[in-house]
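Notes follow once the structure below has been shown.
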Amino acid sequence: MEKEAITQLTALAHPRRLRLFRLLMRRYPEQVAAGDLAQALGLPASSLSAALTQLRQAGLVTQSRHGTSLRYAADLGGAGALTDYLIADCCRGRVETCFDKKLPEANMTKTWNVLFVCSGNSARSIFAETILRDWAGDRFNVFSAGTRPQSTLNPFALELLRAKGHDTGALRAKHVSEFQEQSAPQMDFVFTVCDTAANEECPPWPGQPITGHWGQPDPVAATGTAAEKRLAFQQAYGGLKHRIKAFAALPVDTLDRASLQRQIDDIAREKEDL
(Lines of atoms letter the chains of each structure in order from A; the text may use other names.)
(Lines give C-alpha, C1' and ligand atoms only; values in the text may rest on other atoms or scores of the structure.)
Protein backbone atom coordinates (compact mmCIF):
# COMPACT_ATOMS: atom_id res chain seq x y z
CA MET A 21 0.00 0.00 0.00
CA GLU A 22 2.97 2.34 0.51
CA LYS A 23 3.46 2.87 -3.22
CA GLU A 24 -0.23 3.61 -3.78
CA ALA A 25 -0.31 5.99 -0.80
CA ILE A 26 2.67 7.94 -2.14
CA THR A 27 0.95 8.24 -5.52
CA GLN A 28 -2.25 9.50 -3.90
CA LEU A 29 -0.49 11.94 -1.60
CA THR A 30 1.51 13.26 -4.55
CA ALA A 31 -1.70 13.79 -6.51
CA LEU A 32 -3.20 15.77 -3.62
CA ALA A 33 -0.03 17.77 -3.00
CA HIS A 34 -0.86 20.37 -5.69
CA PRO A 35 -3.32 23.14 -4.72
CA ARG A 36 -5.29 22.80 -7.97
CA ARG A 37 -5.76 19.05 -7.64
CA LEU A 38 -6.58 19.32 -3.93
CA ARG A 39 -9.27 21.95 -4.66
CA LEU A 40 -10.69 19.71 -7.38
CA PHE A 41 -10.82 16.66 -5.13
CA ARG A 42 -12.40 18.63 -2.28
CA LEU A 43 -15.06 19.99 -4.63
CA LEU A 44 -15.92 16.49 -5.84
CA MET A 45 -16.15 15.33 -2.23
CA ARG A 46 -18.61 18.13 -1.46
CA ARG A 47 -20.67 17.18 -4.51
CA TYR A 48 -20.52 13.41 -3.77
CA PRO A 49 -22.21 11.18 -4.88
CA GLU A 50 -23.10 13.41 -7.82
CA GLN A 51 -21.22 12.85 -11.07
CA VAL A 52 -20.18 16.28 -12.31
CA ALA A 53 -19.54 17.30 -15.91
CA ALA A 54 -16.06 18.56 -16.74
CA GLY A 55 -17.47 21.89 -17.91
CA ASP A 56 -19.14 22.46 -14.56
CA LEU A 57 -15.91 21.68 -12.74
CA ALA A 58 -13.92 24.07 -14.95
CA GLN A 59 -16.43 26.84 -14.34
CA ALA A 60 -16.58 26.28 -10.58
CA LEU A 61 -12.79 26.30 -10.22
CA GLY A 62 -12.03 28.89 -12.89
CA LEU A 63 -9.71 26.52 -14.74
CA PRO A 64 -9.00 26.25 -18.46
CA ALA A 65 -9.97 22.91 -20.01
CA SER A 66 -6.35 21.79 -20.45
CA SER A 67 -5.45 22.38 -16.79
CA LEU A 68 -8.61 20.65 -15.59
CA SER A 69 -7.97 17.66 -17.83
CA ALA A 70 -4.42 17.25 -16.52
CA ALA A 71 -5.60 17.46 -12.91
CA LEU A 72 -8.41 14.95 -13.46
CA THR A 73 -6.04 12.53 -15.19
CA GLN A 74 -3.59 12.51 -12.28
CA LEU A 75 -6.36 12.11 -9.69
CA ARG A 76 -7.88 9.26 -11.71
CA GLN A 77 -4.51 7.52 -12.03
CA ALA A 78 -4.11 7.84 -8.26
CA GLY A 79 -7.48 6.15 -7.68
CA LEU A 80 -9.10 9.23 -6.16
CA VAL A 81 -11.56 10.14 -8.94
CA THR A 82 -13.80 8.06 -11.20
CA GLN A 83 -14.93 8.86 -14.74
CA SER A 84 -18.15 7.82 -16.47
CA ARG A 85 -19.75 8.64 -19.80
CA HIS A 86 -23.27 10.04 -20.08
CA GLY A 87 -24.10 10.33 -23.77
CA THR A 88 -21.41 12.61 -25.19
CA SER A 89 -20.44 14.00 -21.80
CA LEU A 90 -17.78 12.76 -19.40
CA ARG A 91 -18.60 13.10 -15.73
CA TYR A 92 -16.46 12.77 -12.65
CA ALA A 93 -16.98 11.81 -9.02
CA ALA A 94 -14.81 11.32 -5.97
CA ASP A 95 -13.67 7.72 -5.51
CA LEU A 96 -14.49 6.95 -1.88
CA GLY A 97 -12.87 3.55 -2.12
CA GLY A 98 -9.52 5.02 -3.05
CA ALA A 99 -9.75 7.86 -0.55
CA GLY A 100 -10.82 5.42 2.16
CA ALA A 101 -7.87 3.15 1.45
CA LEU A 102 -5.50 6.08 1.87
CA THR A 103 -7.12 7.10 5.15
CA ASP A 104 -7.05 3.53 6.45
CA TYR A 105 -3.36 3.26 5.58
CA LEU A 106 -2.49 6.50 7.36
CA ILE A 107 -4.42 5.53 10.50
CA ALA A 108 -3.46 1.87 10.65
CA ASP A 109 0.17 2.11 9.55
CA CYS A 110 1.49 5.61 10.12
CA CYS A 111 -0.59 6.32 13.24
CA ARG A 112 -0.68 2.69 14.37
CA GLY A 113 -4.38 3.10 15.10
CA ARG A 114 -3.99 6.15 17.36
CA VAL A 115 -6.77 8.22 15.78
CA GLU A 116 -7.05 10.74 18.62
CA THR A 117 -3.28 11.25 18.71
CA CYS A 118 -2.88 11.72 14.97
CA PHE A 119 -5.88 13.95 14.41
CA ASP A 120 -6.13 15.57 17.86
CA LYS A 121 -9.90 15.15 17.95
CA LYS A 122 -12.50 12.57 18.78
CA LEU A 123 -15.23 11.51 16.45
CA PRO A 124 -18.69 12.72 17.52
CA GLU A 125 -20.72 10.36 19.61
CA ALA A 126 -23.18 8.11 17.76
CA ASN A 127 -26.47 6.54 18.78
CA MET A 128 -27.57 9.46 20.95
CA THR A 129 -31.27 9.97 21.49
CA LYS A 130 -31.74 13.70 21.00
CA THR A 131 -33.33 16.39 18.90
CA TRP A 132 -31.06 16.71 15.90
CA ASN A 133 -29.95 20.03 14.39
CA VAL A 134 -30.23 20.20 10.59
CA LEU A 135 -29.08 23.02 8.29
CA PHE A 136 -29.98 23.36 4.62
CA VAL A 137 -27.69 25.62 2.58
CA CYS A 138 -28.05 27.15 -0.88
CA SER A 139 -26.73 30.32 -2.44
CA GLY A 140 -29.70 32.70 -2.16
CA ASN A 141 -31.73 31.18 0.70
CA SER A 142 -34.86 32.42 -1.04
CA ALA A 143 -36.41 29.20 -2.39
CA ARG A 144 -34.71 25.77 -2.31
CA SER A 145 -33.26 25.82 1.21
CA ILE A 146 -36.43 27.54 2.43
CA PHE A 147 -38.47 24.70 0.91
CA ALA A 148 -36.28 22.11 2.65
CA GLU A 149 -36.41 23.89 6.01
CA THR A 150 -40.19 24.18 5.89
CA ILE A 151 -40.87 20.62 4.71
CA LEU A 152 -38.70 18.93 7.34
CA ARG A 153 -39.94 21.16 10.15
CA ASP A 154 -43.57 20.45 9.29
CA TRP A 155 -43.01 16.71 8.88
CA ALA A 156 -40.66 15.98 11.76
CA GLY A 157 -40.25 19.10 13.87
CA ASP A 158 -40.50 16.99 17.01
CA ARG A 159 -37.27 15.18 16.06
CA PHE A 160 -35.32 17.89 14.23
CA ASN A 161 -34.44 21.52 14.85
CA VAL A 162 -34.37 22.81 11.29
CA PHE A 163 -32.57 25.85 9.85
CA SER A 164 -31.63 27.22 6.43
CA ALA A 165 -29.12 29.77 5.19
CA GLY A 166 -27.46 31.11 2.07
CA THR A 167 -23.88 31.81 1.07
CA ARG A 168 -25.12 34.99 -0.66
CA PRO A 169 -28.68 35.37 0.65
CA GLN A 170 -31.29 37.56 -0.99
CA SER A 171 -32.81 40.36 1.02
CA THR A 172 -36.30 38.85 0.70
CA LEU A 173 -37.77 35.44 0.00
CA ASN A 174 -38.91 34.68 -3.53
CA PRO A 175 -42.65 35.42 -3.96
CA PHE A 176 -43.22 32.31 -6.09
CA ALA A 177 -41.64 30.19 -3.32
CA LEU A 178 -43.86 31.74 -0.67
CA GLU A 179 -46.93 31.32 -2.86
CA LEU A 180 -46.20 27.62 -3.34
CA LEU A 181 -45.54 26.97 0.35
CA ARG A 182 -48.80 28.62 1.34
CA ALA A 183 -50.67 26.64 -1.31
CA LYS A 184 -49.20 23.45 0.21
CA GLY A 185 -50.49 24.46 3.65
CA HIS A 186 -47.16 25.52 5.18
CA ASP A 187 -46.89 28.42 7.62
CA THR A 188 -44.46 30.99 6.20
CA GLY A 189 -44.75 33.64 8.90
CA ALA A 190 -41.38 33.02 10.57
CA LEU A 191 -39.32 32.39 7.43
CA ARG A 192 -36.52 34.79 6.52
CA ALA A 193 -33.33 34.84 4.47
CA LYS A 194 -30.18 34.29 6.54
CA HIS A 195 -26.45 34.29 5.89
CA VAL A 196 -24.59 31.06 6.58
CA SER A 197 -22.25 32.95 8.94
CA GLU A 198 -25.09 33.07 11.51
CA PHE A 199 -24.57 29.34 11.99
CA GLN A 200 -20.77 29.49 12.12
CA GLU A 201 -20.61 31.73 15.20
CA GLN A 202 -19.55 30.30 18.53
CA SER A 203 -23.01 30.86 20.00
CA ALA A 204 -24.81 29.08 17.13
CA PRO A 205 -26.28 25.60 17.66
CA GLN A 206 -23.91 22.81 16.66
CA MET A 207 -25.21 21.08 13.57
CA ASP A 208 -25.63 17.31 13.31
CA PHE A 209 -26.50 17.40 9.60
CA VAL A 210 -25.63 19.95 6.90
CA PHE A 211 -27.14 19.60 3.42
CA THR A 212 -26.36 21.68 0.36
CA VAL A 213 -29.34 21.90 -1.98
CA CYS A 214 -27.72 23.83 -4.83
CA ASP A 215 -24.53 23.18 -6.79
CA THR A 216 -23.29 26.76 -6.32
CA ALA A 217 -23.21 26.42 -2.54
CA ALA A 218 -21.57 22.99 -2.75
CA ASN A 219 -18.88 24.39 -5.06
CA GLU A 220 -17.83 27.01 -2.53
CA GLU A 221 -15.09 26.29 -0.03
CA CYS A 222 -16.36 26.84 3.52
CA PRO A 223 -14.57 26.28 6.83
CA PRO A 224 -15.22 22.87 8.38
CA TRP A 225 -18.35 22.80 10.50
CA PRO A 226 -17.77 22.39 14.25
CA GLY A 227 -18.50 18.91 15.49
CA GLN A 228 -18.04 17.19 12.12
CA PRO A 229 -21.71 17.01 11.11
CA ILE A 230 -22.88 14.43 8.62
CA THR A 231 -23.20 16.10 5.23
CA GLY A 232 -25.10 15.55 2.02
CA HIS A 233 -25.54 17.20 -1.36
CA TRP A 234 -29.08 17.19 -2.74
CA GLY A 235 -28.64 19.69 -5.55
CA GLN A 236 -31.73 21.05 -7.31
CA PRO A 237 -31.94 23.32 -10.37
CA ASP A 238 -32.52 26.94 -9.37
CA PRO A 239 -36.21 27.76 -9.87
CA VAL A 240 -35.47 31.47 -9.40
CA ALA A 241 -33.53 31.35 -12.69
CA ALA A 242 -36.54 30.00 -14.61
CA THR A 243 -37.79 32.12 -17.49
CA GLY A 244 -41.01 32.22 -19.46
CA THR A 245 -44.58 32.71 -18.39
CA ALA A 246 -45.77 32.83 -14.80
CA ALA A 247 -47.10 29.29 -15.23
CA GLU A 248 -43.71 28.06 -16.46
CA LYS A 249 -41.97 29.69 -13.53
CA ARG A 250 -44.42 28.14 -11.08
CA LEU A 251 -43.71 24.74 -12.62
CA ALA A 252 -39.97 25.19 -11.93
CA PHE A 253 -40.72 25.93 -8.27
CA GLN A 254 -43.06 22.93 -8.08
CA GLN A 255 -40.33 20.67 -9.45
CA ALA A 256 -37.76 21.95 -6.94
CA TYR A 257 -40.25 21.49 -4.10
CA GLY A 258 -41.10 17.96 -5.25
CA GLY A 259 -37.48 16.89 -5.59
CA LEU A 260 -36.65 18.10 -2.09
CA LYS A 261 -39.82 16.62 -0.60
CA HIS A 262 -38.88 13.20 -2.00
CA ARG A 263 -35.45 13.27 -0.38
CA ILE A 264 -36.59 14.79 2.89
CA LYS A 265 -39.33 12.19 3.24
CA ALA A 266 -36.67 9.47 2.93
CA PHE A 267 -34.37 11.26 5.38
CA ALA A 268 -37.12 11.75 7.97
CA ALA A 269 -37.88 8.01 7.79
CA LEU A 270 -34.33 7.03 8.81
CA PRO A 271 -33.90 5.59 12.32
CA VAL A 272 -31.36 8.31 13.11
CA ASP A 273 -31.19 7.48 16.82
CA THR A 274 -30.09 3.89 16.20
CA LEU A 275 -27.66 4.18 13.26
CA ASP A 276 -23.95 4.85 13.62
CA ARG A 277 -22.26 7.66 11.69
CA ALA A 278 -21.00 5.49 8.86
CA SER A 279 -24.41 3.92 8.30
CA LEU A 280 -26.13 7.30 8.38
CA GLN A 281 -23.71 8.75 5.86
CA ARG A 282 -24.25 5.82 3.50
CA GLN A 283 -28.02 6.20 3.79
CA ILE A 284 -27.83 9.92 3.02
CA ASP A 285 -25.58 9.31 0.02
CA ASP A 286 -28.07 6.70 -1.20
CA ILE A 287 -30.89 9.22 -0.89
CA ALA A 288 -28.94 11.60 -3.10
CA ARG A 289 -28.72 8.89 -5.78
CA GLU A 290 -32.45 8.17 -5.86
CA LYS A 291 -34.54 9.20 -8.81
CA GLU A 292 -36.86 12.04 -7.89
CA ASP A 293 -40.54 11.20 -7.71
CA LEU A 294 -42.26 14.46 -8.58
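As numbered in this note's numbering, residues 21 to 294 make up the sequence shown, in order.
We treat Cβ as the ideally placed atom computed from N, Cα and C, and that holds for glycine.
Within a 10 Å sphere around the beta-carbon of Glu221 sit fewer than 16 other beta-carbons, which makes this residue exposed. Ranked by Cα distance from Ser142, the options Asn161, Cys214, Glu50 and Thr30 are led by Cys214. Closest option to Arg250, judged by alpha-carbon separation, among Glu179, Leu32 and Asp104: Glu179. At a cut-off of 3 residues, the continuous stretches assigned as beta strand (DSSP E) that sit fully inside the segment 148-195 are 160-166.
As computed with DSSP, Thr231 is found in a beta bridge with Val210. Straight across, the Cα-Cα distance linking Met21 with Val137 is about 38 Å. DSSP places Tyr92 in the strand class (E or B) of the three-state scheme. Taking a cut-off of 8 Å for Cβ pairs, the segment 50-59 and the segment 96-113 do not touch, as fewer than three such pairs fall below it.
Assignment of beta-bridge partners to Ser84 by DSSP yields Arg91. Cα atoms of Leu43 and Glu248: separation of roughly 32 Å, rounded to the nearest angstrom. DSSP links Cys138 through a beta bridge to Gly166. By alpha-carbon distance to Ser197, the top candidate from Ser164, Asn174, Ala183 and Asp187 is Ser164. Pro223 counts as exposed, since fewer than 16 other C-beta atoms from the protein chains shown sit within 10 angstroms of its C-beta. DSSP places Gln77 in the uninterrupted alpha helix (DSSP H) bounded by Ala65 to Gln77. DSSP places Ala53 in the strand class (E or B) of the three-state scheme. Put simply, of Ala204, Asp273 and Ala190 the residue whose alpha carbon is nearest the alpha carbon of Glu149 is Ala190. Burial check for His186: the Cβ neighbour count within 10 Å reaches 16 or more, so the residue is buried. Between Phe211 and Gly227, the CB-CB gap reaches or exceeds 8 Å. Below 8 Å, too few C-beta pairs join the segment 71-89 and the segment 236-244 to call them touching: fewer than three. The DSSP assignment places 246-268 as complete runs of the alpha helix (DSSP H) inside the segment 230-269, in order along the chain (cut-off: 4 residues).
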